[in-house]
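Trainee: Residue numbers (the numbering used here): 1005 to 1215.
Following this message is one structure expressed as structure tokens.
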Ligand SMILES: [Zn+2]
């Protein structure tokens, strides 16, 4: 888990949005290899082990390895769909999409977050496991790629929420395009869209009485 990604993380539990805090025991090249991530609001804590943050251990064991190996052409195609012409910001790859993570990082220089990567995916980037969508703050990332196992309503909603305005979302063709997203292109396998309106992350704060 890269230290720069910690500020994008949010507690997966149902309470008002708040930052998580990291306590690192071992940091290598700005990545927390061993430590604890905690929520000051509800007191929850999660362990970072071997650089991997698991919000849900069940999500880690549920992932299976497919046969195909990553290809540079697939990475280049995905980088184009995500409009990664510079190295700014963070891109989130979920499930099978994590296979091209190292190639995309090498091609573009963006910060990568691999969510629910299958065990065989060798990751030189940040990894986390979550069972209920992306535990990320509003507008904290520039691109999200969902695979078929992670394209239900919870995953879609959390992806739209985490994307900045103008951010790109790639999802399986069988998935309906959310209304906040403008479809840009599609083929038989997937579509790519752009987030038109920023997610309404301020609403819970207003309801909480903070102006
Ligand atoms: Zn919490």
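Just so you know, even glycine gets a beta-carbon here, dropped at the ideal spot from N, CA and C.
Here the structure is a predicted model, which is why all the values come from computation and not from measurement.
Quick one: any contact between the segment 1187-1203 and the segment 1155-1170, if contact means 3 or more CB pairs under 8 Å?
Mentor: The answer is yes - the segment 1155-1170 touches the segment 1187-1203, with three or more Cβ pairs under 8 Å.
Trainee: Which stretch, first to last residue, makes up the beta strand (DSSP E) that contains residue 1197?
Mentor: Start and end: 1194-1199.
Trainee: Do three or more CB pairs link the segment 1008-1020 to the segment 1137-1148 at distances below 8 Å?
Mentor: At 8 Å Cβ cutoff, the stretches touch.
Trainee: Buried or exposed: which applies to residue 1100, given that a residue is buried once 16 or more other Cβ atoms fall within 10 Å of its Cβ?
Mentor: Under this definition residue 1100 is a buried residue.
Trainee: For residue 1017, verify whether its CB is less than 7 Å away from any heavy atom of ligand 1.
Mentor: At least one heavy atom of ligand 1 is nearer than 7 Å to the Cβ of residue 1017, so yes.
Trainee: Is it buried or exposed, residue 1154, if we count other Cβ atoms within 10 angstroms and call 16 or more buried?
Mentor: Classification of residue 1154: buried, given that the 10 Å Cβ count is 16 or more.
Trainee: What is the rounded straight-line gap between the Cα of residue 1084 and the Cα of residue 1152?
Mentor: Looking at the two C-alpha atoms, the distance is approximately 20 Å.
Trainee: Is the beta carbon of residue 1012 within less than 7 Å of some heavy atom of ligand 1?
Mentor: No.
Trainee: How many Å lie between residue 1181 and residue 1107 at the Cα?
Mentor: Approximately 27 Å between the Cα atoms of the pair.
Trainee: Taking only runs of the beta strand (DSSP E) that begin and end inside the segment 1082-1144, which ones reach a length of at least 3 residues, in chain order?
Mentor: Whole beta strand (DSSP E) segments, 3+ residues: 1094-1098, 1115-1119, 1130-1133.
Trainee: Mapping the DSSP letters down to three states, classify residue 1068 as helix, strand or coil.
Mentor: Correct three-state label for residue 1068: coil.
Trainee: Applying the 10 Å Cβ sphere with the 16-neighbour rule, what's the burial state of residue 1094?
Mentor: Residue 1094 is buried by the Cβ-count criterion.
Trainee: Kindly indicate the opening and closing residues of the beta strand (DSSP E) around residue 1167.
Mentor: Note, residue 1167: beta strand (DSSP E), 1167-1176.
Trainee: Alpha carbon to alpha carbon, how far is residue 1037 from residue 1030? Give it in angstroms, no decimals.
Mentor: Going by the C-alpha atoms only, they are around 5 Å apart.
Trainee: Is the closest heavy atom of ligand 1 to the C-beta of residue 1048 under 7 Å?
Mentor: Yes - ligand 1 has a heavy atom lying nearer than 7 Å to the Cβ of residue 1048.
Trainee: Going by the CB atoms, is the gap between residue 1114 and residue 1088 shorter than 8 Å?
Mentor: Yes, the pair counts as a contact, with Cβ atoms nearer than the cut-off.
Trainee: Is it the case that the CB of residue 1045 approaches a heavy atom of ligand 1 more closely than 7 Å?
Mentor: Residue 1045 Cβ: within cutoff of ligand 1.
Trainee: Starting from the C-beta of residue 1097, find all residues in its chain whose C-beta is less than 6 Å away, skip the five residues before and the five after it, and write them out in chain order.
Mentor: If we look at residue 1097 and ignore the five residues flanking it on each side, its Cβ neighbours are 1105, 1118, 1149.
Trainee: Tell me whether residue 1008 sits in a helix, a strand or coil according to DSSP, three-state version.
Mentor: Of the three classes helix, strand and coil, the one that applies to residue 1008 here is helix, per DSSP.
Trainee: Using the C-alpha atoms, what's the distance from residue 1062 back to residue 1130?
Mentor: Distance between the alpha carbons of residue 1130 and residue 1062 is about 18 Å.
Trainee: Could you check if residue 1041 is buried or exposed, using at least 16 other CB atoms within 10 Å of its CB as the buried criterion?
Mentor: Classification of residue 1041: buried, given that the 10 Å Cβ count is 16 or more.
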